[in-house]
């Protein structure tokens, strides 16, 4: 097998906080190849955004990679000097953010922001850069690109801003686009447009996508693979199809159950009781155990590893038997 | 709209003085240093609008020629510290780490001294004169800009648009110049407006102490100093140059207020 484009091995990140050292990511491994589409889902604070930031070298000052390695094109980026690390990363990756208005420079015209990379990184002429920027704007579905070229970010609607942000991210023709909840701040119709755009980019240009979100429906729409994150680790990993139909980890099962189903009327939506663990404290046993419906004595003793089960991987001692859970679930539902 | 008015009134007041200073020879027919010992200490007359000083020099003429010196030095004594302070603030905020520690310790040291004590000491070292005033004020003044810009850079550095720019692999010089700078200088521009007043005040004070522009060049500080002996009889000799400083200060703070409203959204 050839080397993956980006390979993350046992990545751990610690954040210094007032309450002590927070182990935000505790050993995360995965590979990304061109054309992949991976959805990383989890609750707030599960470490999904930090994972992206760690890979892209955007960790805030109080955070650092405490263990693990990140390989880009097979090169360990921690061994590179900052300049060549940035060059290697920017050649291969782009990123779009949750809040497009914050990700665009308020004082620079959007056209200039898109044409900057061709002009100043790739060394194209002014006219060439502008032509590239205009074609990128059309590629991300902006009509009338010529007249919009000299607008400022605040003059655009939310959906257009995110399209511009995508155009900027694509301006260095990266192979992988990292998306940090890019649709969360948008209303549903615009969300659908942006997702459609990302989907088109993926199928037409073979762009790889790593999509961080807490919205399972978005992952279902856009991604082939899914990683479910909990307390700084992947607890389940598999294809979207497999995982949505036959979850192997109780957390994934509960998450899917908590998502509203338009075909079914329910009295109250299911919630996962309790809170995610405080990661400034050492984790003893399975971090999900206090909230889990299928706990055994083993769960409080040691933390389960992410091991293969069926076609997926699951970090659970009792990973499962979704049929049994579903049966119990419906029994319980009938009782209510 | 109100901010626009403040800005324009301030700019108008200052502009009038600047024009008067530039076209001084057209406004007055006297020479600012020419003595007329037959007509000393005159009160306001139709010929000498603000009277004459102990050496018979026309006070009005000295006032507008003095504006040339004070405004020019005041501006220069802000532009130089501004450029140095903003560049170093940008650098120290962006690089962080050791660079930041070293530069900020220097800043702390400069700030630890009272402004005038340090400025006067430096002028003593370099010897009186325009050059040494500017050098002294620059050496003392850059720290304020450095701090303001550094604080803004630290905030902007964690903004997504800077992250986004870094991710696309743009050269650092481009990120700092085009992405960072326009977003971090507005506060320092506003501060510069009030700083011009401070630096004019410093020049006038140094002039008053005899450390400023060498006599007989017309300069407000030395005019105040020369006039102070006659304060009970010819009070205008010392008072009017003082009012000029107030006038400049007033118009600059109007400009500053207008800019605050406009730049800080």
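Protein chains in written order, with our numbering: chain A, 143 to 478; chain B, 5 to 269.
C-beta: ideal position from N, C-alpha, C; glycine also.
For the 8 Å CB-CB criterion, residue 459 of chain A and residue 434 of chain A do not form a contact. Counting the other CB atoms within 10 Å of its CB gives residue 276 of chain A a total of 16 or more, which places it among the buried residues. The alpha-carbon of residue 157 of chain A is positioned some 12 Å away from that of residue 168 of chain A. In this model, residue 372 of chain A and residue 357 of chain A are separated by some 15 Å (Cα to Cα). For residue 245 of chain A, at least one C-beta of chain B is nearer than 8 Å to its own C-beta.
Under the DSSP assignment, residue 375 of chain A falls in the beta strand (DSSP E) whose first and last residues are 375-381. Residues of chain A whose Cβ lies closer than 8 Å to the Cβ of residue 171 of chain B are, in chain order, 198, 200, 231, 232, 235, 236, 237, 311.
For residue 290 of chain A, the uninterrupted alpha helix (DSSP H) segment begins and ends at 287-290. Scanning its chain for C-beta atoms nearer than 7 Å, with the 5 sequence neighbours on each side dropped, one finds around residue 174 of chain A the residues 146, 147, 148, 180, 318, 350, 352, in chain order. In its chain, beyond the 5 residues on either side, no residue has a beta carbon closer than 6 Å to the beta carbon of residue 116 of chain B. By the C-beta criterion, the region 303-319 of chain A is judged to be in contact with the region 223-239 of chain A, since at least 3 inter-stretch pairs fall below 8 Å. Sequence-distant Cβ neighbours of residue 201 of chain A in its own chain, meaning closer than 8 Å and more than five residues away, are 155, 192, 195, 207.
When C-beta distances to chain A are compared with 7 Å, the residues of the region 186-206 of chain B below that value are 186, 187, in chain order. Residue 11 of chain B places its beta carbon less than 8 Å from that of residue 259 of chain B.
Neighbours of residue 223 of chain A in chain B, taken as residues at a C-beta separation under 8 Å, are lacking, since the least C-beta distance is about 13 Å. Residue 398 of chain A and residue 386 of chain A have their C-alpha atoms roughly 7 Å apart. Contact annotation for residue 165 of chain B against chain A: 244, 245, 246, 247, 248 [CB-CB distance below 8 Å, chain order]. In the DSSP annotation of this structure, the continuous segment of the alpha helix (DSSP H) that includes residue 225 of chain A starts and ends at 224-234. Among the residues of the region 135-157 of chain B, none has a Cβ less than 7 Å away from any Cβ of chain A. Residue 152 of chain A sits in a strand when the DSSP states are folded into three classes. At least one CB of chain A lies nearer than 8 Å to the CB of residue 174 of chain B. Our two residues, residue 71 of chain B and residue 198 of chain A, have alpha carbons roughly 56 Å apart in a direct line. Within the region 163-205 of chain A, the complete alpha helix (DSSP H) segments at least 4 residues long are 190-198, listed from N- to C-terminus. By the Cβ rule, the region 231-241 of chain B does not count as touching the region 174-189 of chain B, because fewer than three pairs are nearer than 8 Å. Around the Cβ of residue 146 of chain B, a 10 Å sphere holds 16 or more other Cβ atoms; the residue is buried. Boundaries of the beta strand (DSSP E) around residue 372 of chain A: 367-372. Chain A places no beta carbon closer than 8 Å to that of residue 52 of chain B, leaving this residue out of the contacts. Spanning the alpha carbons of residue 30 of chain B and residue 256 of chain B requires a straight line of approximately 25 Å.
For residue 319 of chain A, the enclosing beta strand (DSSP E) covers residues 318-322. For residue 264 of chain A, no beta strand (DSSP E) segment is defined, and its DSSP state is neither H nor E. Annotation: the region 146-186 of chain B contains the following complete segments of the alpha helix (DSSP H) (minimum length 4 residues), in chain order: 164-171. Put simply, the CB of residue 182 of chain B is near chain A, with a gap under 8 Å to one of its CB atoms. Taking the CA atoms as reference points, residue 191 of chain B sits about 34 Å from residue 161 of chain A. DSSP places residue 54 of chain B in the coil class of the three-state scheme, outside both helix and strand. In this structure, residue 354 of chain A and residue 321 of chain A form a Cβ contact; the two beta carbons are roughly 7 Å apart against a cut-off of 8 Å. For residue 62 of chain B, the three-state secondary structure derived from DSSP is strand.
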